[in-house]
Amino acid sequence: MTRWPWRRKLEQAEEAVRQAERLRDKAEEQQRRAERIAPRVDAVSASLQRLRTDNHIGPMIDAILRGGE
Numbered sequence: 467m468t469r470w471p472w473r474r475k476l477e478q479a480e481e482a483v484r485q486a487e488r489l490r491d492k493a494e495e496q497q498r499r500a501e502r503i504a505p506r507v508d509a510v511s512a513s514l515q516r517l518r519t520d521n522h523i524g525p526m527i528d529a530i531l532r533g534g535e
């Protein structure tokens, strides 16, 4: 290995590329997952907003969201 010191650098660079590709793939999967669940999050948020406007339930929901105060 001492005859070709550039070979170690090349192997390190190749491993760095593989790691970057794994990170990219993971980020793409997280993005796809976020896109899949976003409509459900929006629906729950809208439902919660409708409940909060109810005079009887709204204050109770606010208290729960604040941690049960």
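Quick note: the sequence shown uses my numbering, first residue 467, plus one each step.
Ideal placement from N, C-alpha and C gives every residue a C-beta, glycine not left out.
Note that the coordinates shown come from a computational prediction; the quantities given were computed from them, not determined experimentally.
Which same chain residues end up closer than 8 Å to residue i when comparing Cβ atoms and leaving out the 5 residues on each side of it in sequence?
{"i": "residue 524", "result": "517, 518"}
{"i": "residue 528", "result": "518"}
In chain order, what residues of the same chain have a beta carbon less than 6 Å from the beta carbon of residue i, not counting five sequence neighbours either side?
{"i": "residue 475", "result": "none"}
Within its chain, find whatever has a CB closer than 7 Å to the CB of residue i; leave out the 5 residues flanking it on each side and keep chain order.
{"i": "residue 493", "result": "none"}
Curious, which full-length alpha helix (DSSP H) runs of at least 4 residues does the segment 486 to 531 contain? 524 to 531
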